[in-house]
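K.L.:
The structure that follows is given in the form of structure tokens.
Structure below.
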């Protein structure tokens, strides 16, 4: 089986799109970091997760599209796609990152408050049962 020029062009376009998708994922991680400030350990875990996802995606991209054969031009076009994305759409996305992060923060707080209300209601309803249980079995625990 020979290699055709159309297949090479298809691989180059796919690598460009893969590079752009990798940078989009990086920008989403950046927006998450703006929305939820974290310590050094959490940043390390996020970086590790990003690179693991990117490496896995690269492996499957090469495995599926190019039958597992690594080619240098695929890496070049993936890096080119990442650079083009970062210089064009990435800049636009990061301009709206702060308002988007603020919106994400408000949405997370809204969800947390919405989930906290039923748990407080359930806690109040089960308080009498817990007191009865504690009172009944405290005597047995002290006897041991």
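In this note's numbering, the protein residues as written are 1496 to 1639. Glycine residues also receive a C-beta, built at the ideal position from the N, C-alpha and C atoms.
1) What span of residues does the alpha helix (DSSP H) with residue 1522 cover, start to end?
2) Does DSSP put residue 1560 in a helix, in a strand, or in coil?
3) Just how far apart, CA to CA, sit residue 1611 and residue 1597?
4) One question on the structure: do residue 1509 and residue 1577 come within less than 8 Å of each other, judged by their Cβ atoms?
5) Just to confirm my understanding: we take residue 1564, look at its own chain, exclude 5 residues before and 5 after, and list those with CB closer than 6 Å. What are they?
6) Check whether the segment 1578-1597 and the segment 1517-1524 are in contact - that is, three or more C-beta pairs closer than 8 Å.
7) Count the other CB atoms within 10 Å of the CB of residue 1502; is the residue buried (16 or more) or exposed (fewer)?
8) Cβ atoms of residue 1595 and residue 1540: under 8 Å apart, would you say?
9) Just verifying my parser: in three-state terms, what is the DSSP assignment at residue 1533?
10) Could you have a look at residue 1586 and say whether DSSP puts it in helix, strand or coil?
11) Note down the Cα distance separating residue 1625 from residue 1545, rounded to an integer number of angstroms.
P.N.:
In brief:
1) Here residue 1522 refers to the residue found at position 27 of the chain shown. Element bounds for residue 1522: 1500-1530.
2) For the purposes of this step, residue 1560 is taken as residue 65 along the chain shown, with counting starting at 1. Three-state result, residue 1560: helix.
3) On the chain shown, residue 1611 is found 116 positions in, with the first residue counted as 1. On the chain shown, residue 1597 is found 102 positions in, with the first residue counted as 1. Going from the Cα of residue 1611 to the Cα of residue 1597 covers about 21 Å.
4) The residue labelled residue 1509 in the question sits at position 14 within the chain shown. The residue labelled residue 1577 in the question sits at position 82 within the chain shown. No, they are not a contact pair.
5) For the purposes of this step, residue 1564 is taken as the residue at position 69 of the chain shown. If we look at residue 1564 and ignore the five residues flanking it on each side, it has no Cβ neighbours.
6) yes
7) The count along the chain shown starts at 1 and reaches residue 1502 at position 7. Answer is exposed; the Cβ neighbour count stays below 16.
8) Residue mapping note: residue 1540 aligns to position 45 of the chain shown, counting from 1. Residue mapping note: residue 1595 aligns to position 100 of the chain shown, counting from 1. Not a contact, by the Cβ cut-off of 8 Å.
9) Stepping through the chain shown from its first residue, residue 1533 is reached at position 38. Correct three-state label for residue 1533: coil.
10) Within the chain shown, residue 1586 is the residue found at index 91, counting from 1. Residue state, collapsed to three classes: helix.
11) In the chain shown, counting from the first residue as 1, residue 1625 sits at position 130. In the chain shown, counting from the first residue as 1, residue 1545 sits at position 50. Looking at the two C-alpha atoms, the distance is approximately 44 Å.
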